[in-house]
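Undergrad: Once you've had a glance at the structure underneath, I'll fire off some questions.
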Amino acid sequence: MPDKKKIFDVIAETERLIVRPLKSDDYQNWFNEFNNRFPSQYKHDKGRMDMSVCTEEWFHNLVEKHQELALSDVAHVFGIFRKEDGIHLGMVDFSTLAREVFQWARIGYSIHNQFWENGYCKEAVKEAVNLAFKELDFHRIEAHINLDNIPSINTARSIGMEFECIRKGFIYENEEWTDHLVYCINSK
């Protein structure tokens with residue numbers, strides 16, 4: 000189990016990016032970039048969203064919830080920020096699937112669509128996986144990906160995740176049980 004006091008101090012950096020937990024003072028930056036999203040670019044892109052409920056108080060509660068989830072080792076949620084100007088680019092998260100002899104997590108990731116095709120997702124996800132192995136003590140990380148989500152498949156492959164299987168009727172979404180690809184990577 001990771002040292003819980005380190006959760007909020009965990010920061011990963013690449014040449015261009017910082018991956019870290021959200022802070023309450025990230026609100027305006029976070030809100031602006033969600034609000035600046037382009038319309039949906041394909042089926043698995045949420046595109047523009049209704050941000051009317053996302054008040055500063057709502058965001059403060061979200062940050063607190065992320066901290067609670069990290070302290071209880073249920074989930075570890077990180078914002079992705081560009082170093083040069085601090086702009087919020089997206090999110091990456093790890094959900095703990097099992098500890099003890101497994102040390103197993105699921106990864107989720109997204110980059111705001113106005114920042115696509117700059118290599119940010121690959122760079123952030125690769126560094127976040129390193130962080131998960133070194134700081135959160137996971138041994139195995141899985142990505143559960145819709146069969147037709149080519150950008151997510153490409154991201155998983157680009158950081159060294161390997162296709163393992165198709166899990167049939169694995170996740171309930173859009174009012175039906177859907178099959179998902181499982182890509183995985185183990186710590187070395």
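Under numbering that gives the first Met the number 0, residues 0 to 187 are what the sequence shown spells out, in order. Even glycine gets a Cβ: it sits at the ideal position worked out from N, Cα and C. As the structure is a prediction and not an experimental result, all values here were calculated from the model.
Tell me which residues share the same chain as ILE17 and place their Cβ nearer than 7 Å to its Cβ, disregarding the 5 neighbours each side in the sequence.
TA: ILE10, PHE80 and LYS82
Undergrad: Would PRO20 and PHE93 qualify as a contact pair, given that the criterion is a beta-carbon distance under 7 Å?
TA: no
Undergrad: For GLY89, collect the residues of the same chain with a Cβ closer than 6 Å to its Cβ; drop the 5 residues on either side in sequence, then sort them by chain order.
TA: Here the set comprises ILE79, SER109, ILE110 and HIS111.
Undergrad: Which residue or residues does DSSP assign as beta-bridge partners of ILE165?
TA: LEU180
Undergrad: Indicate the three-state DSSP secondary structure (helix, strand or coil) for TYR108 in the structure shown.
TA: strand
Undergrad: Could you tell me if ILE170 is buried or exposed, where buried requires 16 or more neighbouring beta carbons within 10 angstroms of its beta carbon?
TA: exposed
Undergrad: Put ARG81 into one of helix, strand or coil per three-state DSSP.
TA: strand
Undergrad: So what's ASN148 in DSSP terms, helix, strand or just coil?
TA: coil
Undergrad: Counting Cβ pairs, one atom from each stretch, are 3 or more of them under 8 Å apart for the stretch 116 to 131 and the stretch 37 to 52?
TA: Too few Cβ pairs lie closer than 8 Å, so no.
Undergrad: Please report the straight-line C-alpha distance between LYS45 and LYS187, rounded to a whole angstrom.
TA: 34 Å
Undergrad: From the DSSP secondary-structure annotation, give me the bridge partner or partners of SER94.
TA: ALA74 and ARG105
Undergrad: Please work out which residues of its chain come closer than 7 Å, Cβ to Cβ, to ASP25, disregarding the five sequence neighbours upstream and downstream, and give them in chain order.
TA: GLY78 and HIS87
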